[in-house]
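Chains as they are written, first to last, in the working numbering: chain A, 1 to 170; chain B, 171 to 522. Down below is the structure, laid out as structure tokens.
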Amino acid sequence: MLGYTITQWIFGILSFLAIMLALMVVFSRNPVNSVLYLVMTFFCIAGHYLLMNAQFLAIVHIVVYAGAIMVLFLFVIMLMNLNEDTEPQRTWLTKIIAGVAGGMLLFVLVGSLKGAEQMQLSSYGASQIGLVKNLGKVLFSEFLFPFEIASILLLAALVGAIMIGKKEIK
Amino acid sequence: MLSVILVKLLTCVIVFAISLGVAAYATLWERKFSALLQDRVGPDRAGPKGLLQPLADGGKMFFKEEIIPNVSNKFLFILGPSLFMVTALMTGSVIPWGKDFSTASGNVYSFQITDINIGVLYLFGVVSIGVYGIMIGGWASNNKYALLGAIRASSQMISYEIAMGISVIALIITAGGTLSLREIVAQQDAGVANVCYQPLGFLIFFVCALAETNRAPFDLPECEAELVGGYHTEYSSMKLGLFLFAEYINMFISSAVMSAFYFGGYNFPFAQELYNAMGLHEGSIWISIIGFGAFFTKIVIFICVFMWIRWTLPRFRYDQLMNLGWKILLPLSLLNLAITVGVEFLRGNLHF
Chain A
1 MLGYTITQWI FGILSFLAIM LALMVVFSRN PVNSVLYLVM TFFCIAGHYL
51 LMNAQFLAIV HIVVYAGAIM VLFLFVIMLM NLNEDTEPQR TWLTKIIAGV
101 AGGMLLFVLV GSLKGAEQMQ LSSYGASQIG LVKNLGKVLF SEFLFPFEIA
151 SILLLAALVG AIMIGKKEIK
Chain B
171 MLSVILVKLL TCVIVFAISL GVAAYATLWE RKFSALLQDR VGPDRAGPKG
221 LLQPLADGGK MFFKEEIIPN VSNKFLFILG PSLFMVTALM TGSVIPWGKD
271 FSTASGNVYS FQITDINIGV LYLFGVVSIG VYGIMIGGWA SNNKYALLGA
321 IRASSQMISY EIAMGISVIA LIITAGGTLS LREIVAQQDA GVANVCYQPL
371 GFLIFFVCAL AETNRAPFDL PECEAELVGG YHTEYSSMKL GLFLFAEYIN
421 MFISSAVMSA FYFGGYNFPF AQELYNAMGL HEGSIWISII GFGAFFTKIV
471 IFICVFMWIR WTLPRFRYDQ LMNLGWKILL PLSLLNLAIT VGVEFLRGNL
521 HF
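Given below as structure tokens:
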């Protein structure tokens with residue numbers, strides 16, 4: 001079809017959807033709709049993972065982000081009962097500052113992509129690395145140290161969140 | 171190629187029909203069962219012994235007036251129950267309903283829609299998406315009771331998912347480290363059902379399954395004494411029907427998952443002896459059908475236990491429910507995991 005393979009078609013459609021939905025997250029006036037668009041964006045990204053044969057990553061992405069974190073987002077937004085009317089009008093100055101800050105973030109992100117095409121995929125067989133068994137083997141052998149560091153970081157964040165959220169001890 | 175697609179389609183339709191049929195008759199059986207426990211007769215007007223009652227209920231649901239609250243978000247209001255129903259039906263696709271069978275021409279067909287190698291995670295993913303149906307529906311109703319019910323339901327489901335997940339990790343370790351449901355069931359083929367190795371894990375999983383399906387004694391989201399109707403307060407006609415119906419499908423699927431994880435699925439004691447005595451060979455369709463019968467019996471027993479619990483136990487208070495989830499079940503499941511890992515390591519099944 002038009003010289004593209006099916007995979008390329010799926011990639012194109014998924015990318016288009018992901019970008020459109022991500023834009024809708026920002027442009028939607030109703031916070032609840034924003035959250036729902038973000039959930040759909042996560043599904044598109046999970047589709048990308050599937051295209052790369054990373055089934056484990058795809059499903060964990062859905063379970064953790066769409067299934068847990070976004071539900072908590074939705075909780076907060078629903079309880080605060082935010083809607084279009086309660087959104088504060090911002091002045092021009094804040095809008096310009098936000099635009100500059102966002103643009104700089106974009107600059108940094110795009111800059112970090114420079115040279116990405118020269119990076120080598122690890123030698124584990126690019127098409128099989130996403131399967132649970134292979135991923136587990138690599139994570140718990142070669143990348144054990146960064147993995148454990150990340151888990152300690154998460155644990156610290158967890159304890160910190162509980163400490164902040166705890167009631168005062170009388 | 172075409173025949174493969176046709177067979178898959180047929181399997182999908184059969185699983186879909188079985189899920190809906192079992193759910194419909196579970197509503198009748200629920201009422202009959204409660205009548206049995208309370209020494210009443212139960213519904214017996216529609217058809218012989220009341221067997222047409224689910225049809226009458228369904229018809230009533232369809233013909234009732236449909237009310238959409240004026241101030242609610244119409245799209246989300248309709249999306250809520252639909253999403254809940256869709257996710258409930260999606261879970262049936264990874265369950266191995268029976269053994270594979272082969273035809274004379276050598277084609278192998280399976281009683282399972284799809285065997286993905288992350289089946290267990292897929293189940294968790296779909297269940298966690300199901301929460302959105304309740305939340306969106308409750309919020310879009312624009313009703314404080316519905317919102318409270320939705321928040322109760324989803325926080326309950328998220329909390330119990332954790333203990334459930336950890337008890338499943340322990341199960342996967344004993345089942346030889348596979349995430350495919352077919353392999354988990356096949357691994358119990360010759361040996362002992364997993365419940366013998368994981369009694370505590372099964373207990374935790376069972377309690378969590380009760381909470382995940384919002385069944386009594388964890389049915390606080392629709393606790394009528396406090397919250398009118400919970401998250402479906404504003405729903406009427408078939409949209410309410412979808413919410414109620416999806417609960418029964420969830421119950422059916424979680425019974426199926428429990429039988430597959432812990433009770434050997436389509437395996438049963440002395441199965442091989444029975445097949446030998448009947449002169450059946452490996453790959454015969456009758457083996458698949460007998461296995462499916464055994465699986466179905468287990469599911470029905472589980473559904474009865476679900477109902478028995480509902481009509482026996484009173485409801486929890488909400489803080490008791492949260493305490494049970496976080497302070498009892500979560501530590502217990504972690505303990506179970508630690509013990510499992512220790513035992514498996516001593517048996518030499520784990521390598522570093």
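Note that beta-carbon positions come from the ideal geometry of N, C-alpha and C, so glycine has one too.
Item                                                                                                                                                                                          : Value
Quick one: using the 10 Å Cβ neighbour count with 16 as the cut-off for buried, is B/TYR405 buried or exposed?                                                                                : buried
For B/PRO251 versus B/ARG352, is the C-beta distance shorter than 7 Å?                                                                                                                        : no
So, does the CB of A/LEU74 fall closer than 7 Å to a CB anywhere in chain B?                                                                                                                  : yes
Run down chain B in chain order and give the residues with a C-beta less than 8 Å from the C-beta of A/ARG132.                                                                                : As written in the sequence, residue 132 of chain A is Val, which differs from the Arg given in the question. Correct list: ASN287, ILE288 and LEU349.
Let me check understanding here. Comparing Cα to Cα, which of B/MET408, B/ILE473, B/VAL475 and B/ALA381 lies closest to B/ILE237?                                                             : B/MET408
Return the chain-ordered ranges of every alpha helix (DSSP H) run that is complete within the stretch 403-488 of chain B and spans a minimum of 4 residues.                                   : 407-432, 441-448 and 455-480
Tell me the rounded alpha-carbon separation between A/PHE107 and A/PHE143.                                                                                                                    : 30 Å
DSSP has B/TYR279 in a bridge; who is on the other side?                                                                                                                                      : B/PHE271
Check for me: the alpha helix (DSSP H) holding B/TYR525 runs from which residue to which?                                                                                                     : With chain B covering only 171 through 522, there is no way to say anything about residue 525 of chain B.
Output needed for B/PRO213: all residues of its chain with C-beta closer than 6 Å, excluding positions within five of it in sequence on either side, in chain order.                          : ARG201, GLY220 and GLN223
With 7 Å set as the bound, which would you pick, yes or no: does the beta-carbon of B/MET305 sit closer than that to a beta-carbon of chain A?                                                : yes
Please classify B/MET421: is it buried, with 16 or more other beta-carbons within 10 angstroms of its beta-carbon, or exposed?                                                                : buried
Against chain B, with Cβ distances strictly below 7 Å, would A/MET40 count as a contact?                                                                                                      : no
Out of B/LEU494, B/GLY399, B/ILE509 and B/MET260, which one is the CA nearest neighbour of B/ILE332?                                                                                          : B/LEU494
Within 10 Å of its beta-carbon, does B/VAL264 have 16 or more other beta-carbons around it, so buried, or fewer, so exposed?                                                                  : buried
Would you kindly work out how many angstroms separate the C-alpha atoms of B/ALA194 and B/LEU397, rounded to a whole number?                                                                  : 26 Å
For B/LEU380 and B/ALA345, I'd like the C-alpha separation in whole angstroms.                                                                                                                : 23 Å
Taking just the CA atoms, how far does B/VAL192 sit from B/THR261?                                                                                                                            : 15 Å
Return the CA-CA distance between B/VAL174 and B/GLY347, expressed in angstroms with no decimal places.                                                                                       : 30 Å
Applying the criterion that 16 or more other CB atoms from any shown protein chain within 10 Å of the CB defines a buried residue, is A/LEU21 buried or exposed?                              : buried
Could you work out which residues of chain A lie near B/VAL377, taking near to mean beta carbons separated by less than 7 Å?                                                                  : Those do not exist, as B/VAL377 stays about 20 Å from chain A at its closest Cβ, beyond 7 Å.
Judging by CA-CA distance, which residue of B/VAL362, B/VAL301 and B/ILE321 is the nearest neighbour of A/MET80?                                                                              : B/ILE321
Does the beta carbon of B/LEU499 fall short of 6 Å from some heavy atom of the ligand GTP?                                                                                                    : The ligand GTP is not among the ligands present in this structure, which contains no ligands whatsoever.
Compute the Euclidean distance between the alpha carbons of B/PHE388 and A/TRP9, then round it to the nearest angstrom.                                                                       : 46 Å
Quick one: which chain B residues come within Cβ less than 9 Å of A/PHE143?                                                                                                                   : What A/PHE143 touches in chain B: nothing, since even the nearest Cβ is about 15 Å away.
Counting only Cβ pairs nearer than 7 Å, list the residues of chain A close to B/ILE526.                                                                                                       : The shown model of chain B, from 171 to 522, leaves out residue 526 of chain B, and the question about it has no answer.
State yes or no: is the beta carbon of B/LEU494 nearer than 7 Å to at least one beta carbon in chain A?                                                                                       : no
Measuring only between beta-carbons, confirm whether B/PHE294 sits less than 7 Å from chain A.                                                                                                : yes
Buried or exposed for A/MET104, going by 16 or more other Cβ atoms inside 10 Å?                                                                                                               : exposed
Report the neighbours of B/SER424 on chain A: residues whose CB is nearer than 8 Å to its CB, in chain order.                                                                                 : What B/SER424 touches in chain A: nothing, since even the nearest Cβ is about 17 Å away.
Using a beta-carbon distance cut-off of less than 8 Å, what residues from the stretch 136-170 of chain A approach chain B?                                                                    : none
Which residue marks the beginning of the alpha helix (DSSP H) containing B/ASN384, and which one marks its end?                                                                               : No alpha helix (DSSP H) contains B/ASN384, which DSSP labels as neither H nor E.
Given this structure, state the Cα-to-Cα distance separating B/ILE339 from B/LEU318, to the nearest angstrom.                                                                                 : 32 Å
Please give the ranges of any alpha helix (DSSP H) in the stretch 39-104 of chain A, keeping only runs that are unbroken, at least 4 residues long and fully inside the region.               : 55-61 and 70-80
Identify, in the order they occur along the chain, each residue of the same chain with its Cβ nearer than 6 Å to the Cβ of B/SER272, setting aside the five sequence neighbours on each side. : VAL278 and GLY453
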